[in-house]
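Protein chains in written order, with our numbering: chain R, 171 to 325; chain F, 171 to 325.
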DNA sequence: TGCTAATATCATGAGAATATGCTAAAATCG
DNA sequence: CGATTTTAGCATATTCTCATGATATTAGCA
């Protein structure tokens, strides 16, 4: 899987706060219900996001979580980073697999793709994902992956 | 991480067999040493690859593992599939996150990138990764990812 | 001040992925 | 056949992620 379960939950939570809460903080319990995650576990995740500067928290009555900065300035990379360092994404076979020879063949081929992914995560913002209208050319060639998937669905 | 530890080991093992063994089978013990994996655990992984039709095994003296088909016909997808279904790679937030509305915004943005990755895994073969000479234009813009990584290395 | 609503934190448990060790089965060769 | 070399496979340990439950801390408000 691309993102660990925790990282996925973190992104879902941020998307919920960004789209749901209009100014007012969103309570942890409400976020937990929305993203379908256990309350106490999510609490820890939200706290990590707070320390990472993605969210701000407010205690007591009318407390909760809100975005620390505008949604247009929060890249997916920033949300994901505390749970899955960018470093781990760059080596297909782990960092150690590279550098044994002057240059690792696998990394040479892979890094072109990895750079694409990294660019996506760095340039796509939370705001991009909560916009309800999406231009047709962004709704792309899913069919290629579909075909690949159907081919092996017969196991 | 892109690939589980087991999937990484599997790919490393196949690359070793493809490059090391010239016709003759390679023993599990030798592969284990080469890829730095525990002998008995790798054994299980090799067996899975055998059932998947990537490798063939031969018991007894002068036995071991060899490619079931030419390296030029073994895509990375085929090696990885038994350990990380392609399905898991296509949804950034898991399959369930999609389809709650008519179309999932996250998936709409992500699938373009996911398709790129899938294409890489489907078209790149084991032979591509064991070739020692590599054309300059395949040794690509690593620097972008490098910069991203350095920025957060200071934690 | 004291009550209540909310996050912060700790201690522990469950389950999956990973690893290890032992025994069985098969193939080769004398 | 019998000894040796090698994979096959099971049973169990270890480690890590994910989850749960209980308690502490903070903020607002009457």
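Even for Gly, the Cβ is constructed at its ideal location relative to N, Cα and C.
task: Put residue 237 of chain F into one of helix, strand or coil per three-state DSSP.
output: strand
(request) Please report how far the alpha carbon of residue 246 of chain R lies from the alpha carbon of residue 188 of chain R, in whole angstroms. (result) Rounded to whole angstroms, residue 246 of chain R to residue 188 of chain R spans 13 Å at the Cα level.
In the region 230-258 of chain R, which residues sit with their C-beta less than 9 Å from some C-beta in chain F, listed in chain order? Cβ contacts with chain F: 246, 247, 251, 254, 255, 256, 257 and 258.
Closer than 8 Å, Cβ to any Cβ of chain R: which residues of the region 271-300 of chain F, in chain order?
-> 273, 275, 276, 278, 279, 280, 281, 282, 283, 284, 285, 286, 287, 288, 289, 290, 292, 294, 298, 299 and 300
(Q) Looking only at its chain, what residues have a beta carbon closer than 7 Å to the beta carbon of residue 241 of chain R, apart from the 5 residues adjacent to it on each side? (A) Closer than 7 Å at Cβ, skipping near neighbours: 188, 295, 296, 297 and 300.
Next item on the list: Evaluate residue 243 of chain F with the Cβ neighbour count: other Cβ atoms within 10 Å of its Cβ, from every protein chain shown; 16 or more gives buried, anything less gives exposed.
Entry: exposed
Practice task
Give the straight-line distance between the Cα atoms of residue 264 of chain R and residue 178 of chain F, rounded to the nearest whole angstrom.
Solution key: 8 Å
*Could you run through the region 173-197 of chain F and flag, in chain order, every residue whose CB is less than 7 Å away from some CB of chain R?*
173, 178, 181 and 182
Under a three-way DSSP split, which group does residue 226 of chain R fall into? strand
- Query: Residues bridged to residue 175 of chain R by DSSP?
  - Reply: The partner list for residue 175 of chain R (beta bridge, DSSP) is empty, contrary to what the question assumes.
**Q.** Span separating the alpha-carbon of residue 279 of chain R from that of residue 174 of chain R
**A.** 25 Å
Which of the three DSSP states, helix, strand or coil, is assigned to residue 301 of chain F?
coil
- Message: Within a Cβ cutoff of 7 Å, which residues of the same chain sit near residue 284 of chain R, ignoring the five residues on either side of it in sequence?
- Response: 259 and 260
Check: Among all the DSSP beta bridges, which residues are the ones paired with residue 245 of chain R?
Finding: R/295
By Cβ distance, which residues of its chain are closer than 6 Å to residue 202 of chain R, with the 5 residues on each side in sequence left out?
209 and 212
For residue 249 of chain F and residue 276 of chain F, what's the separation of their Cα atoms in angstroms? 28 Å
Open item on the list: Using only the alpha-carbon positions, how far apart do residue 194 of chain R and residue 236 of chain R sit?
Closed with: 7 Å
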